Amino acid sequence: MNSQILDHKLVPKVTVIVPVYNTELFVERAIISLMEQTLHDVQFIIIDDGSTDNSLAIIKKVLSRYPSRQELVTLISRENRGVAATRNQGLELASGAYVIHLDSDDWAEPNWLEKLYYKAIKDDADVVISDYRLIYTTKSIYINQKVDGTGLCCARNLLTGQLHGSMWNKLVRRSFIVDNNLTFLSNINYLEDFIFVMKVFLSTNSICHLDLPLVNYNQTNVSSITSSINTKKINEIINAISVIQNLIQENKSAYTFLSNELNDFKLRMKFTLIYDSRKQTPSFLWAINSESNFAIFKSTIPLYMKVILYFGSKGYIMVARFLIYFVYVLKRL
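Numbering (the UniProt record's numbering), first residue to last: 1 to 333.
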């Protein structure tokens, strides 16, 4: 199935790209949050990336409840190609002045697009970044984004975790994307959004912040591709880390400015991979990013990460494993 309901007659204010893959438990809420946006003149591109559950049927059912929005929606269903290729297809179809993405297991506040769009217009910005909420089963946490004035400062904050790497809280001018030939790497489906955001930050200083939590980042989807770990994911993340490093090293001013933060990022990602695979950590993970080991105690990562990575770097794997288990137990208290 490949259906385009109706083309826009006018240039939309915003294009929203929604990749969908097997999110039947959450996609209804996501699509409803789009259909109830307060901003009009919005193009919605929803791409079902070969789902094997009822996601597509649920999407169609929700859309049927909003006849006034139907002409704004492009709905596509096709074979699975991965989230990066899906995002690229959305960019190819986009016609809005600005572009943003929403993952199908998350949802947006009703004023998400309106607030971001008018902030972009007011500041004539290439990029607007909002705050967001982490949503757990019994609580939510407001996450403030640290947005500094320049692209390099934002890239630094991205590497240190003070800015999230997802696309759903970043409205980006479409002409800026086109002029800079920005795309997602089709062979990378983990951290693909982080890489794209890094490209954006290395290409502009026209970035502003909206201190409102406009997106709800779902932490309850245990089947999410960002919440599970396997060998394929590990290898793609290692590849993505290499891509991010190359992007920075190819830009001399960026590398000079970001070299310390790059080491922090590589150490943090190494720890994350080891921690997430703690039940059966592949032995090779302890050796990745070893060129950054010299920076373990100089880095800004938490002390417990430093200690665990240090023991691992010295070959005391059993000690490091015990400490990881200890950290895991403490986090569950």
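Positions of the beta carbon are idealized from the N, C-alpha and C atoms, including for glycine. Since we're looking at a predicted model, the values are computed, not measured.
Nearest-angstrom beta carbon gap, Ile308 and Ile324 [assumed within contact, 8 Å]: Walking along the sequence shown from the start, residue 324 turns up at place 324. Walking along the sequence shown from the start, residue 308 turns up at place 308. Right, the Cβ-Cβ distance comes to about 6 Å (below 8 Å), so this counts as a contact.
Cβ-based burial, Asn187 [other Cβ within 10 Å; buried from 16]: Within the sequence shown, numbered from 1, the residue matching residue 187 stands at position 187. Exposed, since its Cβ has fewer than 16 Cβ neighbours within 10 Å.
Whole-Å CB distance - Gln280 paired with His209, under 8 Å assumed: For the purposes of this step, residue 280 is taken as residue 280 along the sequence shown, with counting starting at 1. For the purposes of this step, residue 209 is taken as residue 209 along the sequence shown, with counting starting at 1. At roughly 41 Å, the Cβ-Cβ gap does not stay under 8 Å, so Gln280 and His209 are not in contact.
Sub-9 Å separation of residue 364 and Ser104 beta-carbons: Shown here, the chain extends from 1 to 333; a query on residue 364 therefore has no answer.
Any alpha helix (DSSP H) of 4 or more consecutive residues that is wholly inside the stretch 218 to 301: As far as the stretch 218 to 301 is concerned, its whole alpha helix (DSSP H) runs of at least 4 residues are 231 to 249 and 252 to 276.
Residue of Ala155, Pro282 and Lys331 minimising C-alpha distance to residue 342: The chain is shown only over 1 to 333; residue 342 falls outside these bounds and no answer can be derived.
Under the three-state DSSP convention, the category Pro12 falls into: Along the sequence shown, one-based indexing puts residue 12 at 12. Pro12 falls in the coil class under three-state DSSP.
Rounded straight-line distance, which links the Cα of Asn80 to that of Val222: For the purposes of this step, residue 222 is taken as residue 222 along the sequence shown, with counting starting at 1. For the purposes of this step, residue 80 is taken as residue 80 along the sequence shown, with counting starting at 1. Val222 and Asn80: Cα-Cα distance of roughly 20 Å.
Straight-line gap, Ile225 to Gln219 (C-alpha atoms, nearest Å): Within the sequence shown, numbered from 1, the residue matching residue 225 stands at position 225. Within the sequence shown, numbered from 1, the residue matching residue 219 stands at position 219. Because the pLDDT at Ile225 is just 47, under 50, the model does not fix this residue reliably, and the value given afterwards should be weighed accordingly. So the two alpha carbons sit approximately 12 Å from each other.
For Leu152, three-class secondary structure by DSSP: Position 152 of the sequence shown, counting from 1, holds the residue named residue 152. Helix at Leu152.
Counted within 10 angstroms of its Cβ, other Cβ atoms place Leu258 as buried (16 or more) or exposed: Position 258 of the sequence shown, counted from the first residue, corresponds to residue 258. Buried, since its Cβ has 16 or more Cβ neighbours within 10 Å.
Residues bridged to His209 [DSSP beta-bridge criterion]: To locate residue 209, count along the sequence shown from 1; it is residue 209. According to DSSP, His209 shares a beta bridge with Ile129.
Where Lys146 sits in the DSSP three-state scheme: Start at 1 with the first residue of the sequence shown, and residue 146 comes out as number 146. Under the three-state reduction of DSSP, Lys146 is assigned to coil, being neither helix nor strand.
Spatial neighbours of Thr256 in its chain, beta-carbon cut-off 8 Å, leaving aside the 5 residues before and after: Along the sequence shown, one-based indexing puts residue 256 at 256. Around Thr256: no qualifying Cβ.
Beta-carbon separation (whole angstroms), Tyr142 vs Pro213, contact threshold 8 Å: As a working mapping, residue 142 is identified with position 142 in the sequence shown. As a working mapping, residue 213 is identified with position 213 in the sequence shown. So it is a contact: roughly 5 Å between Cβ atoms.
Tyr132 vs Tyr217 beta-carbon contact at 9 Å: Stepping through the sequence shown from its first residue, residue 132 is reached at position 132. Stepping through the sequence shown from its first residue, residue 217 is reached at position 217. Cβ atoms of Tyr132 and Tyr217: closer than 9 Å.
Contact set for Ile234: own chain, Cβ-Cβ below 8 Å, skip 5 residues either direction: In the sequence shown, counting from the first residue as 1, residue 234 sits at position 234. So the list reads Leu273, Ser277, Pro282 and Leu285, once near-sequence residues are dropped.
Close Cβ partners of Lys199 (< 7 Å) along its chain, the five nearest in sequence each way excluded: On the sequence shown, position 199 is the one that residue 199 refers to. Scanning its chain for C-beta atoms nearer than 7 Å, with the 5 sequence neighbours on each side dropped, one finds around Lys199 the residues Leu182 and Leu247, in chain order.
Option in Trp107, Ser64 and Asp264 with minimal Cα separation from Gln37: Your numbering for residue 37 matches position 37 in the sequence shown. Answer by Cα proximity: Trp107.
Given Thr23 as reference, the closest of Ile17, Gly50 and Ser55 once Cα atoms are compared: Working through the sequence shown from its first residue, we reach residue 23 at position 23. The shortest C-alpha to C-alpha distance from Thr23 to any of Ile17, Gly50 and Ser55 is the one to Ser55.
Option nearest Trp168 by Cα separation, candidates Val128, Val11 and Tyr136: Working through the sequence shown from its first residue, we reach residue 168 at position 168. Per the Cα distances, Val128.
Backbone CA spacing between Leu262 and Asn293 [nearest angstrom]: As a first step, residue 262 must be located in the sequence shown, where it is residue number 262. As a first step, residue 293 must be located in the sequence shown, where it is residue number 293. Our two residues, Leu262 and Asn293, have alpha carbons roughly 12 Å apart in a direct line.
CB-CB length for Phe201 against Leu267, believed under 8 Å: As a first step, residue 201 must be located in the sequence shown, where it is residue number 201. As a first step, residue 267 must be located in the sequence shown, where it is residue number 267. Your pair Phe201 and Leu267 does not check out as a contact, with CB atoms roughly 20 Å apart and the cut at 8 Å.
Contact check, Val62 vs Met35, beta carbons under 9 Å: Here residue 62 refers to the residue found at position 62 of the sequence shown. Here residue 35 refers to the residue found at position 35 of the sequence shown. When the beta-carbon positions are compared, Val62 and Met35 come within less than 9 Å of each other.
Check whether Phe271 and Ala240 have beta carbons under 9 Å apart: Position 271 of the sequence shown, counting from 1, holds the residue named residue 271. Position 240 of the sequence shown, counting from 1, holds the residue named residue 240. Not in contact: Phe271 and Ala240 (Cβ atoms no closer than 9 Å).
9 Å Cβ cutoff met for Phe311 and Ile317: Within the sequence shown, residue 311 is the residue found at index 311, counting from 1. Within the sequence shown, residue 317 is the residue found at index 317, counting from 1. Less than 9 Å divides the Cβ of Phe311 from the Cβ of Ile317.
CB contact flag (Phe184, Ala85, <9 Å): Residue numbering aside, residue 184 sits at position 184 when the sequence shown is read from its first letter. Residue numbering aside, residue 85 sits at position 85 when the sequence shown is read from its first letter. Yes.
Cβ pair Val99, Ile229 closer than 9 Å: For the purposes of this step, residue 99 is taken as the residue at position 99 of the sequence shown. For the purposes of this step, residue 229 is taken as the residue at position 229 of the sequence shown. Remark: C-beta atoms of Val99 and Ile229 do not approach each other more closely than 9 Å.
Contact under 9 Å by Cβ, Val197 with Leu152: In the sequence shown, residue 197 corresponds to position 197, counting from 1. In the sequence shown, residue 152 corresponds to position 152, counting from 1. Cβ atoms of Val197 and Leu152: not closer than 9 Å.
Neighbourhood of Arg69 by C-beta distance below 7 Å, restricted to the same chain and skipping five residues each side: What you label residue 69 is simply residue 69 of the sequence shown in a count that begins at 1. Excluding sequence neighbours, Arg69 sits near Met35.
Proximal residues to Asp264 (C-beta, below 8 Å), its chain only, five neighbours per side dropped: Here residue 264 is taken as the residue at index 264 of the sequence shown, counted from 1. Shown here for Asp264: same chain residues with a beta carbon closer than 8 Å to its own, the five before and five after excluded, namely Leu159, Thr160, Ala295, Ser299, Thr300 and Ile301 in chain order.
Which of helix, strand or coil DSSP assigns to Arg174: The sequence position of residue 174 within the sequence shown is 174, counting from 1. Residue state, collapsed to three classes: helix.
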